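First the structure, in the form of structure tokens, and then the observations on it.
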Amino acid sequence: MDEDLERYQSSEIDRFSEKDVNDILSQTNEDNMMMRIMELANERESFPTIGKYYTFVYNPKTPRIEYDEFPLIACVGMYMWGFKGLNYHWGDFRNYTWNEYQGLHVIYPQELKTLRSIPYQKFKINK
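If you count by the numbering used here, then the sequence shown holds residues 33 to 159, one letter each, in order.
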């Protein structure tokens, strides 16, 4: 296993205090929740790594599909066209092409349970 990935997976980093979570939960809509999450999860990567967790803004190009604008994923595969992730809001695997996402915000393993408890998913139909 890659040394950086091993260090990531055993990390104790948790940037979401109880006060932060309460602040996020008090927001009036998903956009505000996501803005606060992105402020706290300020470590970004341009490309995902298999085995890491991410949240990001997703803008699909395929018309008339239902999508999650603010996915929370575990990256499970990398391909020429993009990557595959287990989307925790959907509960299944989704594909994301390289030009459809904006900034991958790294989520550490200790933060995953917290973020899964925050209802910031935003399901939409692409027009």
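The beta-carbon is built from N, C-alpha and C at its ideal position, and this holds for glycine as well. Predicted model, so just to flag it, every value in this text is computed and none were measured.
Rounded separation between residue i and residue j - CA only
i      : j      : result
GLU75  : TYR99  : 24 Å
ASN158 : MET112 : 24 Å
GLY117 : PRO103 : 9 Å
C-beta atoms of residue i and residue j nearer than 9 Å
i      : j     : result
ILE45  : ILE56 : no
TYR133 : SER43 : no
Status (buried if at least 16 other CB within 10 Å, exposed otherwise) for residue i
i      : result
GLU35  : exposed
ILE97  : exposed
GLU143 : buried
LEU37  : exposed
ASN131 : exposed
ASN119 : buried
Cβ distance (whole Å) where residue i is taken to contact residue j below 8 Å
i     : j      : result
ALA73 : HIS137 : 4 Å
GLY83 : GLN41  : 7 Å
Selected residue, minimal CA-CA separation from residue i, among the options
i      : options                   : result
ASP124 : CYS107, TYR133 and GLY135 : CYS107
THR129 : PHE79, ASN61 and VAL53    : PHE79
GLU101 : SER42, PRO151 and ARG39   : PRO151
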